[in-house]
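**Student:**
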Amino acid sequence: MSRRWFHSHLNGMDTQRILLDEGVEGSFLVRKSYSRKGQFVLSVRHGNKVNHIKIHNDGELFDLNGGEKFTTLTNLVEHYMTHPRVLKEQGGIPLPLLIPIGSPEPTNERWFHGQMSRKEAEYLILEKGRPGSYLVRESQSDPGNYVLTVNVDDKVAEIKIRFNGEKYDIGGGEEFLSLNDLMKYYSFNPMVDHNGSVMHLMNPVNVTRISIAGIVDRVFKLKHQKYQHYSFGTGGFWEEFDVLQQWETKRDSTKDIGFLDENKSKNRYRNILPYDHSRIILKCCDKSIPGADYINANMIKLEPFALADNYETRNYIVTQGCLQNTVDDFWKMIWQEDSRIIVMITKLFEKSKEKCIKYWPDLGQKNEYSKITVVNLGEYAHQQDMVVRMFEMTYSNYRHRRIFQYHYMGWPDHGVPSDAGSLLDLQFVVNARQFSIEARSDVSHPLTVHCSAGIGRTGTFVVLDLLIGLINRKGLDCELDIQRTTHLVRSFRPGLVQSEAQYQFIYTAINHYVQSICSRISAEKKIEMFGREYLNIKYTDELATVVGEENVPTLNPCTAQRVLKNAITCNTYPTTDSPLVSPTLDKSNVVELLGYDPGKPITPTPAIPTTADSCPNSPTSNVFELHSYENITSPLPSSECDIGPPPIEAPPPPPQSPIIIL
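The opening position of the sequence shown corresponds to residue 1 in the UniProt record's numbering, with each subsequent residue numbered one higher.
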């Protein structure tokens with residue numbers, strides 16, 4: 001969380017003026033106390049007045065009037081922001097902390113990391129591995145001041161930088177009007193610590209963490225710094241990606257199992273192997289056969305990592321494209337790990353070279369893979385570059401499972417997609433499906449992602465998925481660190497996000513996504529101007545009564561009286577002829593949104609059971625739209641019937657499909 005709500009040198013009168021002139025209900029900031037040295041004040045606007053609440057600091061812990069204690073100001077503020085009814089006025093009226101009033105940063109230089117813990121700073125400095133590496137961060141123990149962290153002969157030295165409201169110094173000697181001036185001076189005039197060690201400021205450790213609001217500026221700067229000299233810390237995308245490559249060479253993780261003779265034939269590329277510590281070990285195999293438990297795949301588990309505490313608890317299986325001799329093992333892995341969604345980001349052949357063997361049966365057919373039977377229940381085209389398939393998988397006499405494969409073919413043979421929107425669309429539909437499956441079972445299922453080698457496109461998708469998930473949960477006030485997130489996933493499988501172009505594409509896609517959110521907010525404001533209100537989407541047995549009833553989209557022609565309530569299509573939206581405007585996905589509306597497919601009745605092929613045969617709780621008509629299983633609320637007694645379409649081959653989509661704006 002950003003700490004721009006902290007203002008080190010505002011007095012009470014200035015605080016009052018700012019909150020009343022610039023703030024709204026729930027606006028707040030934190031400042032130093034002028035009457036009590038070392039103490040702080042939380043100021044919150046409620047109505048037309050400002051409440052000032054003392055924050056007590058005993059040198060180690062922070063609290064509000066003897067309440068719960070916190071180790072940092074940030075922890076205190078985060079607590080009261082996430083528990084809006086805890087803080088109250090004397091009359092018992094809640095004082096929620098809703099909108100922080102931001103303060104300007106002391107510099108826009110990239111060696112300034114803002115809010116960062118001492119542990120994080122030490123880790124970064126040592127990880128760079130070069131004497132003279134340095135960064136500046138905000139002091140967490142003494143808010144309003146700063147800390148210079150330097151690598152001195154592979155040891156970490158810290159120097160406090162004091163700010164008295166007008167000038168900066170390091171506890172004696174020269175004073176400077178700006179933090180930039182201080183850093184420039186000591187870059188040419190090295191400091192000496194109490195042990196006599198000379199501290200040269202040679203290699204800035206540039207910040208990679210950015211606020212959502214700064215994404216456009218960051219992308220612009222990185223693009224224009226690309227051809228400047230790397231050693232000055234201005235090498236753009238290339239510099240950030242090169243640091244990742246340096247980190248990779250320092251890992252001590254082994255890949256011994258993949259190098260064994262009995263496993264070499266199972267690797268699509270001889271030098272792209274799974275880490276031993278995170279590789280998936282097949283359990284249903286003949287242990288007497290050497291290498292029977294091996295597959296070139298890793299499990300990404302974020303939960304145990306301290307650096308991942310801002311990420312959603314989600315597991316990914318990252319793997320290579322199947323070879324002829326690994327197809328059986330692939331399906332064993334899918335069953336063993338209970339994965340329900342496969343994301344395939346490659347064509348079977350590219351430039352006449354095989355990238356992945358076809359590991360699934362043809363439409364309406366079934367194949368045996370060792371003890372596993374897979375039936376292709378249906379497939380349909382989603383947009384121009386994606387095919388969605390639904391399989392039924394059965395192992396021995398166990399209940400069958402529904403598996404969805406999203407086959408994305410929009411990635412060019414070389415480079416990256418020219419349109420970030422197409423990959424974001426893939427990410428959206430995959431997450432919507434994953435959410436609908438897990439919402440009904442309350443069980444987490446790992447998401448399987450593969451391309452050809454299982455590192456480049458696969459890593460790009462995983463990193464993008466993590467970052468977008470973070471934005472969706474934290475909102476536009478959150479901070480992202482694309483480099484650190486990439487570094488994190490690489491700790492599970494080497495080489496994830498394979499090229500600088502892919503790394504830059506992640507920035508481009510995030511920028512695209514943020515702009516789409518801003519467009520959505522703008523569209524919502526326009527809707528509000530016309531007096532339209534909407535809540536979470538839900539079914540109603542009555543026709544919707546929103547303004548412009550002719551624009552309410554009907555979900556299922558089999559149930560004509562059931563429509564999306566409080567959702568409309570806006571034929572005047574500038575980017576498309578008929579987008580669907582709705583709230584953010586949650587468990588009450590995800591299935592309905594998945595069902596929205598305007599005016600495309602699908603007729604089942606003879607090889608596929610009717611909806612009534614497949615799922616008795618579904619509509620009995622033989623004319624249905626894709627994703628028409630919305631009425632199923634629990635698994636059938638004899639099968640696992642996940643929410644999903646009987647996705648029969650569909651006719652070509654209309655020239656302009658609706659855009660779902662969430």
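Backbone N, C-alpha and C define an ideal beta-carbon position, used for all residues, glycine too. Everything numeric in this text was worked out from a predicted model, so none of it was measured.
Just to confirm, are N325 and K266 a CB contact at a threshold of 8 Å?
**Tutor:** Against a cut-off of 8 Å, the Cβ pair of K266 and N325 comes out as a contact.
**Student:** Out of curiosity, what's the CA-to-CA distance linking S422 and L467?
**Tutor:** The alpha-carbon atoms of S422 and L467 are separated by roughly 17 Å.
**Student:** K332: buried (16+ other C-beta within 10 angstroms of its C-beta) or exposed?
**Tutor:** With 16 or more Cβ atoms within 10 Å of its Cβ, K332 is classed as buried.
**Student:** Beta-carbon separation of S33 and G144 under 8 Å?
**Tutor:** It is not a contact, given that the beta carbons lie outside the stated cut-off.
**Student:** Within 10 angstroms of its Cβ, does L10 collect 16 or more other Cβ (buried), or is it exposed?
**Tutor:** So L10 ends up on the buried side.
**Student:** Expressed to the nearest angstrom, what Euclidean distance is found between the alpha-carbon atoms of T485 and W247?
**Tutor:** Going by the C-alpha atoms only, they are around 13 Å apart.
**Student:** Using the rule of at least 16 other Cβ atoms within 10 Å of the residue's Cβ for burial, across every protein chain shown, is Y395 buried or exposed?
**Tutor:** Buried.
**Student:** Does the segment 374 to 385 come within contact of the segment 356 to 366, defined as at least 3 CB pairs closer than 8 Å?
**Tutor:** In short, these stretches touch, since the Cβ pair count reaches three.
**Student:** Short of 8 Å in beta carbon distance, which residues of its chain neighbour E105, apart from the five on each side in sequence? Order them along the chain.
**Tutor:** If we look at E105 and ignore the five residues flanking it on each side, its Cβ neighbours are R4, F112, G114.
**Student:** Measure the Cβ-Cβ separation of L42 and F62 and say whether it is below 8 Å.
**Tutor:** No; because the gap between Cβ atoms is not below 8 Å, this pair is not in contact.
**Student:** Thinking R457 and N298 are a contact (beta carbons under 8 Å), I'd like their distance in whole angstroms, please.
**Tutor:** Actually they do not touch by this definition, with Cβ atoms about 15 Å apart.
**Student:** Apart from the five residues on each side of it in sequence, which residues of its chain come closer than 6 Å, Cβ to Cβ, to M81?
**Tutor:** Excluding sequence neighbours, M81 sits near L97.
**Student:** Which two residues bound the contiguous beta strand (DSSP E) that contains M299?
**Tutor:** Run containing M299: 297 to 301, per the beta strand (DSSP E) assignment.
**Student:** Looking at the secondary structure, which residues open and close the alpha helix (DSSP H) in which D362 lies?
**Tutor:** First-last for D362: undefined, no H or E at that position.
**Student:** 8 Å is my cut-off, CB to CB: does P94 come that close to chain B?
**Tutor:** Of the protein chains in this structure there is only one, and it is not chain B.
**Student:** H382 lies in the beta strand (DSSP E); which residues open and close that run?
**Tutor:** From DSSP, the beta strand (DSSP E) with H382 extends over 372 to 382.
**Student:** When you compare each of Y294, Y406, N315 to M344 by their alpha carbons, which one comes out closest?
**Tutor:** Closest by alpha carbon: Y406.
**Student:** Which one of V387, C284, R251, N431 has the shortest CA to CA distance from R340?
**Tutor:** Minimum Cα distance to R340 is reached at N431.
**Student:** Is the beta carbon of Y146 less than 8 Å from the beta carbon of V136?
**Tutor:** Taking 8 Å as the Cβ cut-off, Y146 and V136 qualify as a contacting pair.
**Student:** Taking the alpha carbon of residue 663 as the point to measure from, which residue in I170, D153, V152 has its own alpha carbon closest?
**Tutor:** A query on residue 663 cannot be resolved here, the shown segment of the chain reaching from 1 to 662 and no further.
**Student:** Is A292 helix, strand or coil when you go by DSSP?
**Tutor:** In this structure, A292 counts as coil in the three-state DSSP scheme.
**Student:** Ordered along the chain, which non-local residues of its own chain (more than five positions away) have a Cβ less than 7 Å from that of K347?
**Tutor:** Closer than 7 Å at the Cβ level, and outside the excluded window around K347, lie K355, M409.
**Student:** Quick one: what's P84 bridged to in DSSP?
**Tutor:** P84 pairs with nothing; no bridge assigned.
**Student:** Quick one: give me the first and last residue of the alpha helix (DSSP H) that E138 is part of.
**Tutor:** Segment 133 to 138 is the beta strand (DSSP E) holding E138; no alpha helix (DSSP H) there.
**Student:** Is it the case that the Cβ atoms of I342 and I300 are separated by a distance below 8 Å?
**Tutor:** No. Outside cutoff.
**Student:** Using alpha carbons as the reference points, say which of M183, T208, F220 lies closest to M202.
**Tutor:** The shortest Cα separation from M202 among M183, T208, F220 belongs to M183.
**Student:** Entirely within the UniProt domain "SH2" (5 to 101) and at least 3 residues each: give me those beta strand (DSSP E) ranges in chain order.
**Tutor:** As far as the UniProt domain "SH2" (5 to 101) is concerned, its whole beta strand (DSSP E) runs of at least 3 residues are 27 to 32, 40 to 46, 49 to 57, 62 to 64.
**Student:** Along the chain, where does the alpha helix (DSSP H) containing S441 start, and where does it finish?
**Tutor:** Start and end: 420 to 441.
**Student:** Using the Cα positions of H487 and R85, report the straight-line distance between them to the nearest angstrom.
**Tutor:** Near 38 Å, if we compare the C-alpha coordinates of R85 and H487.
**Student:** Which residue comes first and which comes last in the beta strand (DSSP E) that contains S211?
**Tutor:** Where S211 is concerned, the enclosing beta strand (DSSP E) stretches over 209 to 211.
**Student:** By DSSP's criteria, E479 is part of a beta bridge. Which residues make up the other side?
**Tutor:** Beta-bridge pairing links E479 to S211.
**Student:** From N48, Q39, L476, pick the residue whose C-alpha is nearest to that of Q16; which is it?
**Tutor:** When only C-alpha atoms are compared, the closest one is N48.
**Student:** Between I506 and the rest of its own chain, which residues show a CB-CB distance below 8 Å, the 5 nearest in sequence each way excluded?
**Tutor:** Closer than 8 Å at Cβ, skipping near neighbours: T460, V463, L464, L467, I482, T486, V497.
**Student:** With a threshold of 16 other CB atoms inside 10 Å of the CB of Q90, please say whether the residue is buried or exposed.
**Tutor:** By the 10 Å Cβ count, Q90 comes out exposed.
**Student:** Would you call residue 703 buried or exposed, if buried means 16 or more other Cβ atoms sit within 10 Å of its Cβ?
**Tutor:** It is not possible to answer for residue 703, since the shown part of the chain is limited to 1 through 662.
**Student:** Any chance you could list the alpha helix (DSSP H) runs of at least 4 consecutive residues sitting entirely within the segment 323 to 360, in chain order?
**Tutor:** Segments of the alpha helix (DSSP H) lying fully in the segment 323 to 360: 327 to 336.
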